[in-house]
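Student:
Number of protein chains: 2
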Amino acid sequence: ARPKVGYYYTGKNVMSMLTEQISRIKVRDVQSVPVVITASTSVYDAVVTMFLEDVGSVYIVEPAGILTGVVSRKDVLKVAMGGSDLHKMPVKVLMTPMPKIVVTSPDDSILTAAKKIIDNEVDSLPVVAIADHQETKAYEVIGRLTKTNIARLFVELGEGRGGEHYS
Amino acid sequence: ARPKVGYYYTGKNVMSMLTEQISRIKVRDVQSVPVVITASTSVYDAVVTMFLEDVGSVYIVEPAGILTGVVSRKDVLKVAMGGSDLHKMPVKVLMTPMPKIVVTSPDDSILTAAKKIIDNEVDSLPVVAIADHQETKAYEVIGRLTKTNIARLFVELGEGRGGEHYS
C-alpha cells in the first residue's frame, strides 16, 4: 500500500492547492480607493493630484462617476517632454478613452485581474460596476487595482498572513 | 485516533506550505535586465531611454557599472512640472543617490525583496553584487526587480506554472 501521510508534500499537489487558494481571492479583497478627476481638469492639476494622492494613474469620470478615461504618469511625461503648456491642456486631450480601457469587476478573481495587468502592460485597472447611464451600458468607477496591491498580497501570502482573504 | 488523510487541507497548513514554496524562489529567478545611464546624461535623454526601453526607472552608474543613483518617472515628472529645461539638466541633479537607494541581492528570497518594495514604496529595486571599487565597498548593478516581476510571478503561481522556480 502506498503511504497516506505526506502525500500532499509533492510539488504538484502543493501547486494545485496554491492555485485553489489564490483563485478564492477576489479583487474586492485587495482593491484601493480610486482617484478621479473630470475631463476638463488641466494636465498640470492632474499631475498635482497624482502627487498629492501618490498614485500612478487617475481616472477621468463624468459627474455620475461614469468612467470616460485614464491618465498615467507615463502619458503625462510624454506630453511634458514635448514642451506643451500643461496648465492650458485639458487631460481629455491625452487620456486613454473608453472603450479602450481595460477594467475589472470587484467579483473577478485576483488572478484574472493580475493577468489582465500583465497581458495589457498597464499599472492599474479601474474596478467598475455596470451602470445604466443615458440608456447605454456604462461603467461606474468604484475602485482601483494596482501592481502594488498584487505585490502586497504576494507578501501577505508568503508570510502566511492573507488567510483573511479566503472566505 | 485522528484521521491522517486530508490533514493538509486545513487552511493553516496550506498557508505554511505556500509560505515554504514562495520562500524558495530567489530574486535571480525572476529579475529583469537593468537599464543604466551615466550621471551626465540629460534628464531629457534619460526619459527617452525610459520610453525606448519601457521601464519606469533607470539606474545611474559609473563606468565600471557601480551604482550611484536611481531616477524614476515620478522624479522626472516633478522636475518637468517645474518648467526646467530638461535638455540642459543632468540626471545627477535629481537622482536618488547612494547610499539612500534600497537594493537587493540575486540570492535574496523574492519574498524579502517584495517586502522591501512595499515597505519602501518604490517601484523597483536594483539587483546588485558587492564589488571592490576604489578601496571601498560598492554595488555593481546586475539586474532590476520590479512590481511587474512580482505580479507576473503571482500569476504564474496562481496558474500552477512557476514550478520551475522551485529548485
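Sequence order for the protein chains is X and S.
Here UniProt numbering runs 50 ahead of the position in the first sequence, where the first position is 1.
Here UniProt numbering runs 50 ahead of the position in the second sequence, where the first position is 1.
C-beta atoms are modelled at their ideal positions from N, C-alpha and C, and glycine is treated no differently.
Quick check: Gly115(X) and Met145(X), are their CB atoms within less than 8 Å of each other?
Tutor: Cβ distance not < 8 Å, so Gly115(X) and Met145(X) don't count as in contact.
Student: Quick one: does Val126(X) have its CB under 8 Å from some CB of chain S?
Tutor: Chain S contact via Cβ: present.
Student: With H, G and I counted as helix, E and B as strand and the rest as coil, what does DSSP make of Ile116(X)?
Tutor: Strand at Ile116(X).
Student: Ser66(S) touches chain X at which residues, Cβ-Cβ below 9 Å?
Tutor: Here the neighbours are Gly210.
Student: Residues of chain S with a CB under 8 Å from the CB of Thr154(X): which are they?
Tutor: Within chain S, no residue comes near Thr154(X); the closest Cβ sits about 13 Å away, beyond 8 Å.
Student: At the 8 Å Cβ level, is Ser217(S) part of the contact set with chain X, yes or no?
Tutor: Here Ser217(S) scores only 44 on pLDDT, less than 50, and its place in the model should not be relied on; the value that follows carries that caveat. Cβ-Cβ to chain X under 8 Å: no for Ser217(S).
Student: Using the beta-carbon of each residue, which ones in chain S are nearer than 8 Å to Val205(X)?
Tutor: What Val205(X) touches in chain S: Leu161, Ala164, Lys165 and Ile168.
Student: Looking at the C-beta of Val80(S), does it have a partner C-beta in chain X at a distance below 8 Å?
Tutor: So no, Val80(S) is outside the interface.
Student: Please confirm whether Pro89(X) and Val108(X) have their CB atoms less than 8 Å apart.
Tutor: For the sequence presented, residue 89(X) should be read as Ala rather than Pro. Against a cut-off of 8 Å, the Cβ pair of Val108(X) and Ala89(X) comes out as no contact.
Student: What residue ranges within the UniProt domain "CBS" (80-136) of chain S form continuous beta strand (DSSP E) runs of no fewer than 3 residues, ordered along the chain?
Tutor: Runs of the beta strand (DSSP E) inside the UniProt domain "CBS" (80-136) of chain S: 107-111 and 117-122.
Student: I need the straight-line Cα distance from Pro176(S) to Val83(S), nearest angstrom please.
Tutor: Each residue's alpha carbon lies about 10 Å from the other.
Student: Output needed in chain order: residues of the region 132-154 of chain S with a Cβ under 8 Å from some Cβ in chain X.
Tutor: For the region 132-154 of chain S, which is checked against every Cβ of chain X, the residues closer than 8 Å are Leu136.
Student: For residue 266(X), does the three-state DSSP call read helix, strand or coil?
Tutor: There is no way to answer for residue 266(X), as the model of chain X reaches only from 51 to 217.
Student: Are the Cβ atoms of Ala201(X) and Tyr189(X) separated by less than 8 Å?
Tutor: No, these two residues do not count as a Cβ contact at 8 Å.
Student: Look up Pro140(S) in the DSSP assignment and give the residues it is bridged to.
Tutor: Bridge partners of Pro140(S): Ser92(S).
Student: Are the CB atoms of Val77(S) and Asp158(S) within a distance shorter than 8 Å?
Tutor: The answer is yes: Cβ separation under 8 Å.
Student: Would you mind working out which of Val80(S), Pro113(S) and Ser122(S) sits nearest Thr99(S), comparing C-alpha positions?
Tutor: Selected option, being the one with the closest Cα: Ser122(S).
Student: From the beta carbon of Ala96(S), is the nearest beta carbon of chain X less than 8 Å away?
Tutor: Not an interface residue.
Student: Closest Cβ-Cβ distance between Lys197(S) and chain X: below 8 Å?
Tutor: Yes, its Cβ sits closer than 8 Å to a Cβ of chain X.
Student: For Asp182(S), name the three-state secondary structure that DSSP assigns.
Tutor: Strand.
Student: Check whether the Cβ of Arg74(X) lies closer than 8 Å to any Cβ atom in chain S.
Tutor: Not an interface residue.
Student: If you count every other CB in all the chains shown that lies within 10 Å of the CB of Lys197(S), and 16 or more means buried, which is it?
Tutor: With 16 or more Cβ atoms within 10 Å of its Cβ, Lys197(S) is classed as buried.
Student: Between Met139(S) and Ile160(X), what straight-line distance do the alpha-carbon atoms span, to the nearest angstrom?
Tutor: Looking at the two C-alpha atoms, the distance is approximately 42 Å.
Student: Tell me, please, which residues DSSP counts as bridged to Ser174(X).
Tutor: Answer is Thr196(X), bridged to Ser174(X).
Student: Judging by CA-CA distance, which residue of Leu207(S), Lys165(S) and Pro149(S) is the nearest neighbour of Ile110(S)?
Tutor: The residue with the shortest Cα to Cα distance from Ile110(S) is Pro149(S).
Student: In the DSSP assignment, find the alpha helix (DSSP H) that holds Asp169(X) and state where it starts and stops.
Tutor: Run containing Asp169(X): Ile160 to Asp169, per the alpha helix (DSSP H) assignment.
Student: With a Cβ-Cβ cutoff of 8 Å, do Gln81(X) and Pro156(X) count as a contact?
Tutor: Yes, these two residues count as a Cβ contact at 8 Å.
Student: Verify the CB distance criterion: does Arg194(S) have a CB-CB separation below 8 Å to chain X?
Tutor: Chain X, which has no Cβ nearer than 8 Å to the Cβ of Arg194(S), makes this no.
Student: Report the partner residues of Thr154(S) according to the DSSP bridge assignment.
Tutor: In DSSP, Thr154(S) forms a bridge with Val177(S).
Student: To the nearest whole angstrom, what separates the beta carbons of Thr69(X) and Gly208(S), a pair I think is in contact under 8 Å?
Tutor: So it is a contact: roughly 6 Å between Cβ atoms.
Student: To which residues of the same chain is Ser92(X) closer than 8 Å at the C-beta, ignoring the five residues directly before and after it?
Tutor: Leu136, His137, Lys138, Met139, Pro140 and Val141.
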